[in-house]
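Novice: Just passing along the structure, written as structure tokens.
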Amino acid sequence: GENVEQHPSTLSVQEGDSAVIKCTYSDSASNYFPWYKQELGKGPQLIIDIRSNVGEKKDQRIAVTLNKTAKHFSLHITETQPEDSAVYFCAVSREAYQLIWGAGTKLIIKP
Amino acid sequence: DTGVSQNPRHKITKRGQNVTFRCDPISEHNRLYWYRQTLGQGPEFLTYFQNEAQLEKSRLLSDRFSAERPKGSFSTLEIQRTEQGDSAMYLCASDFLGGNSPLHFGNGTRLTVT
Numbered sequence: 001g002e003n004v005e006q007h008p009s010t011l012s013v014q015e016g017d018s019a020v021i022k023c024t025y026s027d028s029a030s031n032y033f034p035w036y037k038q039e040l041g042k043g044p045q046l047i048i049d050i051r052s053n054v055g056e057k058k059d060q061r062i063a064v065t066l067n068k069t070a071k072h073f074s075l076h077i078t079e080t081q082p083e084d085s086a087v088y089f090c091a092v093s094r095e096a097y098q099l100i101w102g103a104g105t106k107l108i109i110k111p
Numbered sequence: 112d113t114g115v116s117q118n119p120r121h122k123i124t125k126r127g128q129n130v131t132f133r134c135d136p137i138s139e140h141n142r143l144y145w146y147r148q149t150l151g152q153g154p155e156f157l158t159y160f161q162n163e164a165q166l167e168k169s170r171l172l173s174d175r176f177s178a179e180r181p182k183g184s185f186s187t188l189e190i191q192r193t194e195q196g197d198s199a200m201y202l203c204a205s206d207f208l209g210g211n212s213p214l215h216f217g218n219g220t221r222l223t224v225t
């Protein structure tokens, strides 16, 4: 079955710097790659997603890049702010209920 | 706010008791999902409904767990004879089949079994 690895498990960056989180997956048939942000005591919230017919997608300070050949995708956050501190999860699927999740990255923004 | 709503937010119960959680999905969504999340882990899929039909159940879902969505709107998740290992965050999510709709999560019910 599908296996998703997410790195790093913890990432600490200075406010204003960029943060990059990477996920690799094993099933070449996977075609949907969302990223979720989870704050303490809340459910995961979708921040950006990409489908396999697109290589890159950007939404203001957040971007996702997908390399289907290498089977990895990355979340890029530029100009980080304190409110970006949270746990970020990548996920992979062919159907929404089949989302396979990474283990999460705790992002810490240092003031 | 028309997001996914879950109640209660927190539940503390003694081992062996039954508990029931409720989820109200986004109104136009026809698919509803239950996930379980333990500390430091991503959500684990438990089951999902398309309208009122329960279409998939994870092997994680023991026979002490039952979920219903009787009218294709809200859903309930019941855990019978709770065990300490059931302590977790139970998350509900919904989306719309056919519209490339992303999965929207509620804020979960945190269950503590003492």
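Heads up: the protein sequence lines correspond to chains A and B, in order.
Under my numbering, the residue at position 8 of the first sequence is numbered 8, and the numbers go up by one with no gaps.
Here my numbering = 1-based position in the second sequence + 111.
From the three backbone atoms N, C-alpha and C, an ideal C-beta is built for every residue, glycine too.
Here the structure is a predicted model, which means the values were calculated and not measured.
1. With 7 Å as the threshold, decide whether the Cβ of N162 (chain B) is near any Cβ in chain A.
2. With distances taken from CA atoms, which of A:P82, A:D27, A:K106 is nearest F89 (chain A)?
3. Any contact between the region 39-58 of chain A and the region 162-177 of chain B? By contact I mean 3 or more CB pairs, one from each, below 8 Å.
4. Please state the DSSP three-state secondary structure of Q81 (chain A).
5. Measure how close the beta-carbons of L202 (chain B) and G183 (chain B) come, nearest whole angstrom, since I'm counting them as under 8 Å.
6. Taking only three categories from DSSP, how would you classify Q60 (chain A)?
7. Among the candidates B:E189, B:Y144, B:T187, B:V224, whose CA atom is the shortest distance from the CA of Q98 (chain A)?
8. For K68 (chain A), I'd like the list of residues in its chain whose CB is within less than 7 Å of its CB, leaving aside the five on either flank, ordered along the chain.
9. Check this for me: beta carbons of I48 (chain A) and I62 (chain A), under 7 Å apart or not?
10. Terminal residues of the continuous beta strand (DSSP E) containing R221 (chain B)?
11. What first and last residue would you give for the beta strand (DSSP E) that runs through Q140 (chain B)?
Specialist: Reading it off the structure:
1. no
2. Selection A:P82, A:D27, A:K106 evaluated against F89 (chain A) yields A:K106 as nearest (Cα-Cα).
3. no
4. Note: Q81 (chain A) maps to coil in three-state DSSP.
5. In fact, because the Cβ distance is near 20 Å, the residues do not count as touching under 8 Å.
6. Residue state, collapsed to three classes: coil.
7. B:Y144
8. Once the five neighbours on either side are set aside, the close Cβ partners of K68 (chain A) are S52.
9. Yes.
10. 220-224
11. The question names Gln, but residue 140 (chain B) is His in the sequence shown. H140 (chain B) -> no beta strand (DSSP E), and no H or E assigned at all.
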